[in-house]
Amino acid sequence: MSQICSQCGHPIPLHESSGPTCMQCELDEYRIVRNYLRSHPNSNAMQIANATGISISNILRYIKSGSLTMVDNDRRRPGR
Numbered sequence: 001m002s003q004i005c006s007q008c009g010h011p012i013p014l015h016e017s018s019g020p021t022c023m024q025c026e027l028d029e030y031r032i033v034r035n036y037l038r039s040h041p042n043s044n045a046m047q048i049a050n051a052t053g054i055s056i057s058n059i060l061r062y063i064k065s066g067s068l069t070m071v072d073n074d075r076r077r078p079g080r
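Just so we're aligned, residue 1 is where the sequence shown starts under this note's numbering, counting upward by one.
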């Protein structure tokens with residue numbers, strides 16, 4: 001028994017969330033975002049999307065899943 005991949009429309013096994021082609025594309029996109037952030041660590045989702053061409057929804061999904069983490073860069077001194 002199988003289900004349909006929500007990204008590509010091809011049949012996939014029930015325990016998978018996407019097809020093998022989509023999974024490779026996801027991994028490739030994640031690597032692009034990760035590499036961009038290594039060079040531009042203070043970028044926000046919009047800047048990443050504009051620079052890489054990867055959708056904001058995918059970037060936010062990486063954050064939500066824990067694949068990427070957000071850092072609070074608030075540089076205010078204590079007591080200010």
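C-beta: ideal position from N, C-alpha, C; glycine also.
- In this structure, V33 keeps its C-beta atom at 8 Å or more from the C-beta atom of I12.
- Collapsing the DSSP output to three states places I32 in a helix.
- Per DSSP, I63 lies in no beta strand (DSSP E); the unbroken alpha helix (DSSP H) holding it starts and ends at 56-65.
- Burial check for I56: the Cβ neighbour count within 10 Å stays below 16, so the residue is exposed.
- Listed as beta-bridge partners of P11 by DSSP are I4.
- Here I4 is exposed. Its C-beta has fewer than 16 other C-beta atoms within 10 Å.
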